[in-house]
Amino acid sequence: MSERGPSGDATRLERLTAGQPIVYGGDRVTHVDAALADAFRAGDRLIVVQETGDLLHVPSDADEASARATSAAAVAFQALAACTDDQITEFFEAFARRLADDGTAAPILAANDADVAKAQGAGRSTTRLVLSARMREDMVAGLRGWRDSPLRRDAVLGRIEHDGWTVEAHRAPLGVVGFVFEGRPNVFADATGVLRTGNTVVMRIGSDALGTAEAILDHALTPALADAGLPDGAVSLVRSPSRASGWALFADRRLSLAVARGSGTAVAQLGAVARQTGTPVSLHGTGGAWLVAAPDADVDRFRAAVANSLDRKVCNTLNVCCLPATRPDLVAAFLDGLDEAARRRETNARLHVVASSRAAIPAERFTTEVKVRRADGEHVEPAASLVEEDDLATEWEWEHSPEVTVVVTGGVAEAIELCNRYSPRLVASLISADPAEHDRFYAAVDAPFVGDGFTRWVDGQYALDTPELGLSNWQGGRLLGRSGVLSGESVYTVRHRAVISDPDLHR
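Residue numbers (our numbering): 119 to 625.
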């Protein structure tokens, strides 16, 4: 319940009661359950998600941790305006140098080992959590890529000449970027890219990787800011393991942009919180690529595309494959590619077959049991099982054993229709020998990333030579005026500056 002051105006929420009605969406009602009522204390916050009616409890300590980090980033943003681009360049080099130094990296790697062991003990995935030698090298390379970037904060984007005066459009910093992401240590290097265009960033990382994040900040990142003479809070971390601190961060009106990466449901919820606060969002949650074989598809090219799109599980990994009914040989090629991907990972594949397509898949696939490696250990499961057409919308979050859905269609047009209806509208690829078919596919499929081979090319660093903050799908609508690759270089706004040469200019 809320208490009222002398004037009758509502003050802070002090308590909740079980069964208490909460209005959301303007015309719907949800109710407080007993667990929430018991947990809520004076000083806590309740965020009501207007899209869903979800009641999000933010304890005061999580709220305060978020507010401290955001305040530091907001103060740093103002101070950053007085710093030079050369200082920003020096920061990236100093961060890279410290991260590459074995002595500096030792406590970071020790913290990561502890995080990994803790996650493994809880039966959670550690695929993206391990700070491997390769990941560390990639982080250093990414930071030096930002060091060498020609981007500058006040670049002139355009100029319009008038009689007696000129208007220039300038790139300008956006402000404080809020960033919530899963336990991937390398995202630190990506996220700091927003400094290149004069922004500051406040990050909240998943609890599994919080120890690693704090070690990176304390031993490499914050000292690098000091080396370059940049304000301490230019890169801030929400030092809280609570998921509620992410909700609090995205409900903070001081953010100029909210970026979320992780599982689809959690990211969607975070996005809803930011949107209702009035903050623009860039969401990188639901993924899964679609691969379509045309009736004229080359068998070897198709087989390679399947195998090479299943080397690991990330958002651009093959999730659904569409096969033409007129080419049974492509079924064999698909299964060969799937099994080859599993062999490379020294495991077995898991296949989901849309029920209407069962006859196309060899019967022994459904009766054979295989050992499948998941985050919580090894399981014995059927090599193939049936799913309904609606399950084409399911993204398989596999850990070690490749997992994919297959559906047989009447041709490319039907595959496109299914992709536009069920996919997250992220990555679509067509294997065909007909250039005109590729043009029709590109025009009709509703996805920001379209290709003609393996799907794993969709990556800012790999494809565009720029570290990415994430990839946006079109599931929630097309993006306005920017690529589906969100990078530090795309986080900016535009200012206009008039230069008047005619002192008598008037309207």
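Glycine included, C-beta positions come from ideal geometry on N, C-alpha and C.
Uninterrupted beta strand (DSSP E) stretches inside the region 119-192 (no shorter than 3 residues)
120-122, 128-131, 139-142, 146-149, 163-166 and 173-176
Would you call the CB atoms of M321 and V356 closer than 9 Å?
yes
On the criterion of 16 or more Cβ atoms from any shown chain inside 10 Å, does A450 qualify as buried, or is it exposed?
exposed
So, at 6 Å on beta carbons, what are the nonlocal neighbours of V525 in its own chain, with the 5 sequence-adjacent residues on each side left out?
C440, V472 and S475
Following the continuous beta strand (DSSP E) through G439, name the residue where it begins and the one where it ends.
Residue identity differs from the one stated: residue 439 is Cys in this sequence, not Gly. Note, C439: beta strand (DSSP E), L436 to P442.
Would you kindly report the start and end of the unbroken alpha helix (DSSP H) that includes P553?
P553 to A562
Delimiting residues of the beta strand (DSSP E) encompassing A546:
V545 to I549
Name the residue from P446, D454, C433 and S400 whose alpha carbon lies nearest to the alpha carbon of V424.
D454
Where are the beta strand (DSSP E) runs, 3 residues long or more, that stay fully inside the region 491-550, in chain order?
495-500, 502-505, 521-527 and 545-549
How far does the beta strand (DSSP E) with V234 in it reach, from first residue to last?
Note, V234: premise wrong, no beta strand (DSSP E); alpha helix (DSSP H) at D220 to G239.
Just reading off the beta strand (DSSP E) that S605 is part of, what are its end residues?
V603 to S605
For the region 302-351, list the beta strand (DSSP E) runs that are entirely contained and at least 3 residues long, ordered along the chain.
318-323
Terminal residues of the alpha helix (DSSP H) in which V609 lies
Unbroken run through V609: none, as it is neither H nor E.
Could you check the C-alpha separation between A338 and N591 for me, to the nearest Å?
33 Å
With DSSP run on the structure shown, which of helix, strand or coil describes S381?
coil
Tell me which residues share the same chain as L436 and place their Cβ nearer than 7 Å to its Cβ, disregarding the 5 neighbours each side in the sequence.
A407, L409, V424, S427, L428, V522 and T573
Would you tell me roughly how many angstroms separate the C-alpha atoms of A153 and I165, rounded to the nearest one?
16 Å
Provide the residue span of the alpha helix (DSSP H) that contains L469, from first to last.
First-last for L469: R468 to V472, but that is the beta strand (DSSP E), not the alpha helix (DSSP H).
Residue(s) in a DSSP beta bridge with F567:
V545
Touch check for the region 180-197 and the region 307-323: three-plus C-beta pairs under 8 Å?
yes
Nearest-angstrom Cα distance between D622 and T284?
14 Å
Is there at least one Cβ from chain C nearer than 9 Å to D281's Cβ?
Absent here is chain C; the protein component of the structure consists of one chain.
Do S519 and A481 come within 9 Å of each other at the CB atom, strictly closer than that value?
no
Can you check whether the CB of V505 is closer than 9 Å to the CB of H288?
no
DSSP-derived helix/strand/coil call for G276
strand
In whole angstroms, give me the CA-to-CA distance for A366 and A200.
29 Å
Cβ separation of D308 and L587, assumed to be a contact under 8 Å, to the nearest whole Å:
5 Å
According to the Cβ coordinates, are P585 and G380 closer than 9 Å?
no
Just list the residues that DSSP pairs A411 with in beta bridges.
I549
Sequence-distant residues of the same chain with beta carbon closer than 6 Å to R492, five excluded per side
E517
With H, G and I counted as helix, E and B as strand and the rest as coil, what does DSSP make of G364?
helix
Name the two residues that bound the continuous alpha helix (DSSP H) containing E458.
P446 to R462
Go ahead and label H402 buried or exposed: buried means 16 or more other beta carbons lie within 10 angstroms of its beta carbon, across all protein chains shown.
buried
Cβ contact check for the region 333-351 and the region 206-215: 3 or more pairs under 8 Å:
yes
Alpha carbon to alpha carbon, how far is E496 from E487?
13 Å
List the endpoints of the continuous alpha helix (DSSP H) containing R246.
R246 -> no alpha helix (DSSP H), and no H or E assigned at all.
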